[in-house]
Amino acid sequence: MPVQDWQSDAEATIDAHLRAVAGRDLDTFAATVHPDVTVIIPSGRILRGAAEVVDFHREWFTDGDWTYAVEPVLATTTATTATRVLAVTVVGEPGAEPSRFLMGLTFVAEAGRWLLIHDQCTIGRPA
Numbered sequence: 001m002p003v004q005d006w007q008s009d010a011e012a013t014i015d016a017h018l019r020a021v022a023g024r025d026l027d028t029f030a031a032t033v034h035p036d037v038t039v040i041i042p043s044g045r046i047l048r049g050a051a052e053v054v055d056f057h058r059e060w061f062t063d064g065d066w067t068y069a070v071e072p073v074l075a076t077t078t079a080t081t082a083t084r085v086l087a088v089t090v091v092g093e094p095g096a097e098p099s100r101f102l103m104g105l106t107f108v109a110e111a112g113r114w115l116l117i118h119d120q121c122t123i124g125r126p127a
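If you read the sequence shown in the UniProt record's numbering, its first letter stands for residue 1, the second for the next number, and so on.
Written as structure tokens, this is what we have:
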């Protein structure tokens, strides 16, 4: 797969990844995912590998009229790793109660591009 211009920059890749989810753009989403990615969704289910993760998102992207919004919480970038913690709000359909959770993303620089290697979602509990 050829490297897109945005894939050589961590911040641009992370932005593209998040826009792809919000915009239900499966091709761009898939271009940001490492072959050995691990994703832990809010229910605790573990998705392993790009094929399983992309298949999950393919189904989710066609499911209903949900909205997805993120707010940055923490960001760290080194020469080879970029991590982000985001506060996520998903509304399943217009008028529905929002679902809120924290999401930690880890991207790695590999072969001239940045790819998502780990995504973990954690539902907050009232203190």
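From the three backbone atoms N, C-alpha and C, an ideal C-beta is built for every residue, glycine too.
Please read these numbers as outputs of a predicted model, since none were measured by experiment.
Beta-bridge pairing by DSSP links residue 86 to 72 and 103.
At a Cβ-Cβ threshold of 8 angstroms, residue 69 and residue 107 do not count as neighbours. Between residue 122 and residue 62, the alpha-carbon positions lie close to 23 angstroms from each other. Taking a C-beta distance under 8 angstroms as the contact criterion, residue 86 and residue 72 qualify as a contact pair.
Its Cα nearest to that of residue 30, the residue 16 stands out among 43, 16, 42 and 40.
The Cβ atoms of residue 111 and residue 79 lie no closer than 8 angstroms to each other. Taking the Cβ atoms as the reference, residue 20 lies roughly 4 angstroms from residue 28, within the contact range of under 8 angstroms.
DSSP, reduced to helix, strand and coil, places residue 40 within a strand of the structure shown. Beta-bridge pairing by DSSP links residue 110 to 113.
Close CB contacts of residue 8 within its chain, under the 8 angstroms cut and outside five residues either way in sequence, are with 112, 113 and 114 (chain order).
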